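Asks: Structure provided below as C-alpha cells; questions to follow.
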Amino acid sequence: MQLFLDTANIDEIRQVAKLGVLSGVTTNPTLMAKEQGVEYKDRVVEICELVKGPVSAECISRDVPGLIAEAREVAAWHRNVVVKIPIDAAGLEATAKLSKEGIKINMTLVFSANQAILAALAGATYVSPFVGRLDDAGHDGMEVVRDAVEIIDRYHLPAQVIAASLRHPPHVTAAAKAGAHIATMPYRVFMAMLKHPLTDVGIERFLADAQRYTKDKTQARG
Ligand code: E4P
1 MQLFLDTANI DEIRQVAKLG VLSGVTTNPT LMAKEQGVEY KDRVVEICEL
51 VKGPVSAECI SRDVPGLIAE AREVAAWHRN VVVKIPIDAA GLEATAKLSK
101 EGIKINMTLV FSANQAILAA LAGATYVSPF VGRLDDAGHD GMEVVRDAVE
151 IIDRYHLPAQ VIAASLRHPP HVTAAAKAGA HIATMPYRVF MAMLKHPLTD
201 VGIERFLADA QRYTKDKTQA RG
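Residue numbers (our numbering): 1 to 222.
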C-alpha cells in the first residue's frame, strides 16, 4: 500500500516528504485555488521535483477534443505527471484514447463500483473513489473502495484504486483493510496518523528515567 498527500501546498508536501513514507501527490482545482499567486504548471512541476512519484494534475476541459489536447499538454510538463480526468462520457472516451498513447490517467470523482469498472476498462492507471463525500451523502464510501478493489483484482485489470476524500485516520486504516492500493489524504490526516497520546507519555517517561540513569552514572564515576 502507498500513501499520497492530497494538497497543492508546497510546505505541507516538503514536511511530509522528509518523513520518508510519501509516494505521491494528488491535486485538484479546489486545492490549487487555495494557493495564491502560483502558476498551475509551475506548482505541478515543483511538486514533481520534490516528491519523485506520481503527481495528479486535473483537466478542466469538458469535451473530448478539449480533454485530449489538455491532457497531452499537462502530461508533457513532467514525466511523473498523472492526468486527472472526471468520469463522465467525455472523460471516459478521452481516457480510452489517451491511455492507448501511454498517458497515465487518474479517473476522479468516482462514486460507484460501476464507474470504477468503466474507468479501469478504459485503461485508467488509477481509479479514485471519494470516500468522505459518499459518507457525507449518507452512503458507505469504503464499500465502493472494497468493491472496486475486488473487481479489479478478480479480472486482473491493471488499474490501482486510490481511496480519496479521506477525512480522518480511521479512514486510512479502513482503506488499507479494504485493499486500496493507495490512500490519498490531507496534511492534517497524514500527521494525525503519526500521533498517539501514549507515545507522547511514553517518550516523556523514558526521557525522565534516562536523566536519572545518566545522573546516577555520573555520581558513581565521581
Ligand atoms: C482526490 O484526488 C481528491 O483531490 C480529494 O481526495 C477530494 O477530497 P475532498 O472530498 O476532501 O475534497
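Here a beta-carbon is modelled for each residue, glycine too, at the ideal position from N, C-alpha and C. Just so you know, these numbers come straight off a predicted model, no measurement behind them.
Do the CB positions of residue 6 and residue 164 come within less than 8 Å of each other?
Replies: Their beta carbons are under 8 Å apart, which means residue 6 touches residue 164 by this criterion.
Asks: Mind checking whether residue 76 and residue 59 have CB atoms under 8 Å apart?
Replies: Cβ atoms of residue 76 and residue 59: not closer than 8 Å.
Asks: Using only CA atoms, which one of 106, 109, 113, 174 lies nearest to residue 150?
Replies: Taking only the C-alpha atoms, the option nearest residue 150 is 113.
Asks: Which whole runs of the beta strand (DSSP E) in the region 132 to 174 are 3 residues long or more, in chain order?
Replies: Qualifying beta strand (DSSP E) stretches, in chain order: 160 to 163.
Asks: Going by the CB atoms, is the gap between residue 162 and residue 4 shorter than 8 Å?
Replies: Result yes, Cβ atoms of residue 4 and residue 162 sit closer than 8 Å.
Asks: Taking the alpha-carbon positions, what's the residue 68 to residue 16 distance?
Replies: Answer to the nearest angstrom: the Cα atoms are 33 Å apart.
Asks: Can the beta-carbon of residue 192 be found less than 8 Å from the beta-carbon of residue 183?
Replies: Cβ distance not < 8 Å, so residue 192 and residue 183 don't count as in contact.
Asks: Roughly how many whole angstroms lie between the Cα atoms of residue 26 and residue 61?
Replies: For residue 26 and residue 61, the distance between alpha carbons rounds to 18 Å.
Asks: Kindly provide the ranges of any alpha helix (DSSP H) runs that are 4 or more residues long and lie completely inside the region 17 to 45, ordered along the chain.
Replies: The region 17 to 45 contains these whole alpha helix (DSSP H) runs: 29 to 33.
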